[in-house]
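Residue numbering for the sequence shown is 1 to 130, as defined by the UniProt record's numbering.
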Amino acid sequence: MNEDVRQNIVMYRMGKARQLLHDVDVLIENELWNSTINRMYYACFHAVSALLIKNGIEVKSHMGIRQAFGLHFVKAGKVSLEYGRIFSRIYDKRQSSDYDDFIDFTKEEVEKLYPQIKSFIMVIGNLVED
Numbered sequence: 001m002n003e004d005v006r007q008n009i010v011m012y013r014m015g016k017a018r019q020l021l022h023d024v025d026v027l028i029e030n031e032l033w034n035s036t037i038n039r040m041y042y043a044c045f046h047a048v049s050a051l052l053i054k055n056g057i058e059v060k061s062h063m064g065i066r067q068a069f070g071l072h073f074v075k076a077g078k079v080s081l082e083y084g085r086i087f088s089r090i091y092d093k094r095q096s097s098d099y100d101d102f103i104d105f106t107k108e109e110v111e112k113l114y115p116q117i118k119s120f121i122m123v124i125g126n127l128v129e130d
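Pasting the structure below:
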């Protein structure tokens, strides 16, 4: 992939991550907690995807993105362990929200998680823009 294409993809995905945070605000206003969890995960997913692509790391799956982020950024000390935990936590919650029966997230769970997700997106965005 040439550098211009790579940069365009990186900026597109980071922009998508930030747009999804706006979607989260709308979902919170409408008390759609499971959908909020889904959109928070995808905001993180697109941000991490942008970071990996920027650094020439290409993966094909959600699990691959999670593992590559852990290996190349968390274990390498470029991102704190806490941000690795946040990404893992939102991944697990999204999986439950989308695929498990009788899972209903609450306002309290979303309100606790949302500031962490916004911080995660900000930190990843700073790494992408460096």
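For each residue, glycine too, the CB sits at the ideal point set by N, CA and C.
About 7 angstroms separates the beta carbon of L52 from that of I65, a gap short enough to meet the 8 angstroms contact definition. When the alpha-carbon of D92 is set against those of R6, Y41 and L21, the nearest one is in Y41. Annotated three-state conformation of N2 is coil, per DSSP. Around the beta carbon of L113, 16 or more other beta carbons lie within 10 angstroms, which makes this residue buried. Within the same chain, and ignoring the five residues on either side of L127 in sequence, the residues whose Cβ sits closer than 6 angstroms to its Cβ are L51. According to the DSSP assignment, D92 belongs to the alpha helix (DSSP H) that extends over L81 to Y99. Assigned with DSSP and collapsed to three states, N34 falls in helix.
By alpha-carbon distance to V74, the top candidate from L21, H22, I124 and M14 is I124.
When C-beta atoms of the stretch 28-37 are compared with those of the stretch 88-108, three or more pairs fall below 8 angstroms, so the two segments count as touching.
A direct Cα-to-Cα measurement between I9 and G56 gives close to 12 angstroms. Straight-line spacing of the CA atoms in V5 and G77 works out to 28 angstroms. Shown here, G64 sits in a helix according to DSSP, grouped into three states. Buried is the label assigned to V79, since at least 16 other Cβ atoms lie within 10 Å of its Cβ.
Here the C-alpha atom of V59 lies approximately 18 angstroms from the C-alpha atom of M11.
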